[in-house]
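Only one structure is covered here, and it is reproduced in the block below.
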Amino acid sequence: MARHRRARFRRGGYSGDGMSETKGMSTTNRAILIAAFLLLAGAIGYAIWRDSANNAAAPAPTAAASPDAQLAAIEERTRREPQSADAWMALGAARFDLGDYPGAAAAYEKSVAIAPESAGLWSALGEARVMASPRDPMPPAAAEAFDKAIALNPKDPRARYFMAVKKDIAGDHKGAIDEWFALLADTPQGAPWEADLRRTIEQVGAINKIDVAARLAATQPRALKADEMPVAARAIPGPSRADMEAASQLPKGQQDAMIAGMVDGLEAKLKANPADVDRWIMLMRSRMTLGETAKAAQALKDALAANPGAAPRLKAQAQMLGVPGA
């Protein structure tokens, strides 16, 4: 069993190798991103998914800390707040991103002990245990964690993915493919893991001589409901349809230049006003759409540092977008 099929579904998103350059964007993603920026640029005073009207913002970080310094800061937080599930979750994510999978699993174990009702924490623990295993592609402890995640939330995408991997490992390739198709049907439009989930289905089908082409063509992501749509993709007051259509008709090179300028401008605005949570969410979405997953993860870290009171909202949105470490 190829290890990559058990290793890439990261925090609610099967991340795969991702797209490393703007030129790797599909025409649809490029148009969506331009439209979202235009909408955001014209929005004044909108209020959606506010956790609190008066969240106090912490000072923005003046410089990016080294990974070791960031890890040390997170470890210090767990010493200050040993009963904080969020603190242990952050430590687990940080260790995972640094490749310390046993350490990540240990941190997630602390987190689920404090918040055993969180499906996302259980599935994160399962993933860390999978990655920490030197030989067994699905150790019993990992399967147990995924089972608990599914019991708490049958729709948890990471747990569903890995439970299908378990079937594939056991030889039930058709059953695994069926479960991946069910996950694909539940995948929201714009999810960053869709293309890689399709590729996994194609690969497993090809290896096991199962024809999946017709089903792949027929299975499309579902539309997001209004109450679950990320802020960055919502319809908010802004420019006219004609403005957006005109932008989407620009040549690809001009579109890419426009997007790069918009992302840079958005980042500059956040340095000046790090308390704007909605713009942080937009930045994370933009980075994920561009395939810049490391920058998306950094945006999440910076957003959390500047807005600790909005941490639950930021993490929820980041998880929906598939941001590593969310």
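Residue numbers (this note's numbering): -5 to 320. Glycine included, every Cβ here is placed at the ideal spot set by N, Cα and C.
**Asked** Between the beta-carbon of G285 and the beta-carbon of A185, is there less than 8 Å?
**Response** Locating residue 285 in the sequence shown gives position 291, where the first residue counts as 1. Locating residue 185 in the sequence shown gives position 191, where the first residue counts as 1. The beta carbons of G285 and A185 sit no closer together than 8 Å.
**Prompt:** What is the rounded straight-line gap between the Cα of G247 and the Cα of G259?
**Reply:** For the purposes of this step, residue 247 is taken as residue 253 along the sequence shown, with counting starting at 1. For the purposes of this step, residue 259 is taken as residue 265 along the sequence shown, with counting starting at 1. Roughly 18 Å between the two C-alpha positions.
**Asked** So R307 is in the alpha helix (DSSP H); what residue range does that whole segment cover?
**Response** Translated into positions along the sequence shown, residue 307 becomes position 313. Following the DSSP letters along the chain, one finds R307 inside the alpha helix (DSSP H) bounded by residues A305 to L315.
**Whether L294 touches A320 by CB criterion (8 Å)** = In the sequence shown, counting from the first residue as 1, residue 294 sits at position 300. In the sequence shown, counting from the first residue as 1, residue 320 sits at position 326. For L294 and A320, yes; Cβs fall inside 8 Å.
**Item:** Local Cβ density within 10 Å of L33, reported as buried at 16 or more and exposed below that
**Value:** Counted from its first residue, the sequence shown places residue 33 at position 39. Residue placement at L33 cannot be trusted, given a pLDDT of 40 that sits under 50; the coordinates are not used to answer.
**Item:** CB of D180 within 8 Å of CB of K149, strictly
**Value:** For the purposes of this step, residue 180 is identified with residue 186 of the sequence shown, where counting begins at 1. For the purposes of this step, residue 149 is identified with residue 155 of the sequence shown, where counting begins at 1. Yes, Cβ-Cβ distance for D180 and K149 is below 8 Å.
**Prompt:** Where do the ends of the alpha helix (DSSP H) carrying E188 lie?
**Reply:** Numbered from its first residue, the sequence shown carries residue 188 at position 194. Per DSSP, E188 is one residue of the alpha helix (DSSP H) stretching across E188 to I201.
**Message:** Here's the rule I'm using: 16 or more other beta-carbon atoms within 10 Å means buried, otherwise exposed. How should E188 be labelled?
**Reply:** As a first step, residue 188 must be located in the sequence shown, where it is residue number 194. The residue is buried, with at least 16 neighbouring Cβ atoms inside 10 Å.
**Message:** Please report the straight-line C-alpha distance between A153 and D141, rounded to a whole angstrom.
**Reply:** Locating residue 153 in the sequence shown gives position 159, where the first residue counts as 1. Locating residue 141 in the sequence shown gives position 147, where the first residue counts as 1. Looking at the two C-alpha atoms, the distance is approximately 8 Å.
**Asked** Using a Cβ-Cβ cut-off of 6 Å (strictly less than) and excluding sequence neighbours within five positions of A170, which residues of its own chain qualify?
**Response** In the sequence shown, the residue the question calls residue 170 occupies position 176. Leaving aside the five residues that flank A170 on each side, the residues in its chain whose CB is nearer than 6 Å to its CB run, in chain order, A158, K161 and D162.
**Message:** So, for I136: in the same chain, excluding its five sequence neighbours on each side, which residues have a beta-carbon less than 6 Å away from its beta-carbon?
**Reply:** The residue labelled residue 136 in the question sits at position 142 within the sequence shown. It is Ala, not Ile, that sits at residue 136 in the sequence shown. The beta carbon of A136 is closer than 6 Å to those of G120, R123 and V124 in its chain, skipping five residues each way along the sequence.
**Request:** Mind checking which residues open and close the alpha helix (DSSP H) that includes T287?
**Result:** Position 293 of the sequence shown, counted from the first residue, corresponds to residue 287. Under the DSSP assignment, T287 falls in the alpha helix (DSSP H) whose first and last residues are T287 to A300.
**Request:** Check the C-beta distance from L210 over to R192 and give it rounded, since I have them as a contact under 8 Å.
**Result:** For the purposes of this step, residue 210 is identified with residue 216 of the sequence shown, where counting begins at 1. For the purposes of this step, residue 192 is identified with residue 198 of the sequence shown, where counting begins at 1. Between R192 and L210 the Cβ distance is about 6 Å, and since that is below 8 Å, they are a contact.
**Item:** Residues that DSSP places opposite P182 in a beta bridge
**Value:** For the purposes of this step, residue 182 is identified with residue 188 of the sequence shown, where counting begins at 1. Per DSSP, R216.
**Message:** Which of the three DSSP states is assigned to A139 in this structure?
**Reply:** On the sequence shown, position 145 is the one that residue 139 refers to. Correct three-state label for A139: helix.
**Message:** Whole angstroms are fine: how far does the CA of I144 sit from the CA of V198?
**Reply:** Reading the sequence shown from its first residue, position 204 is the one you call residue 198. Reading the sequence shown from its first residue, position 150 is the one you call residue 144. For V198 and I144, the distance between alpha carbons rounds to 23 Å.
**I163: first and last residue of the uninterrupted alpha helix (DSSP H) it sits in** = Residue mapping note: residue 163 aligns to position 169 of the sequence shown, counting from 1. Segment P151 to I163, the alpha helix (DSSP H) holding I163.
**Message:** On the CB-based measure, 16 or more other CB atoms within 10 Å of its CB, does Q77 come out buried or exposed?
**Reply:** As a first step, residue 77 is located in the sequence shown; it is residue number 83 there, counting from the start. Counting the other CB atoms within 10 Å of its CB gives Q77 a total below 16, which places it among the exposed residues.
**Prompt:** Looking at C-alpha atoms only, which residue of D80, I195 and G165 is the closest neighbour of Y155?
**Reply:** Within the sequence shown, numbered from 1, the residue matching residue 155 stands at position 161. When only C-alpha atoms are compared, the closest one is I195.
**Message:** Tell me the rounded alpha-carbon separation between R44 and L308.
**Reply:** Counting from one through the sequence shown, the residue named residue 44 turns up at place 50. Counting from one through the sequence shown, the residue named residue 308 turns up at place 314. Residue placement at R44 is poorly supported in this model, since its pLDDT is 22, which falls under 50; the coordinates still yield a value, given next. Roughly 11 Å separates the two Cα atoms.
**Prompt:** Excluding the five sequence neighbours on either side, which residues of its own chain have a C-beta within less than 7 Å of the C-beta of A126, listed in chain order?
**Reply:** Counted from its first residue, the sequence shown places residue 126 at position 132. Once the five neighbours on either side are set aside, the close Cβ partners of A126 are Y95, P96 and A99.
**Message:** Only counting the same chain, and skipping five residues up and downstream in sequence, which positions put a Cβ closer than 7 Å to that of F90?
**Reply:** In the sequence shown, the residue the question calls residue 90 occupies position 96. The beta carbon of F90 sits closer than 7 Å to the beta carbons of A98 and A122 from its chain, once the five residues preceding and following it are set aside; these are given in chain order.
**Prompt:** Alpha carbon to alpha carbon, how far is A262 from A310?
**Reply:** Locating residue 262 in the sequence shown gives position 268, where the first residue counts as 1. Locating residue 310 in the sequence shown gives position 316, where the first residue counts as 1. Going by the C-alpha atoms only, they are around 24 Å apart.
**Message:** To the nearest angstrom, how far is the alpha carbon of D296 from that of D80?
**Reply:** In the sequence shown, residue 296 corresponds to position 302, counting from 1. In the sequence shown, residue 80 corresponds to position 86, counting from 1. Those two C-alpha atoms are separated by around 16 Å.
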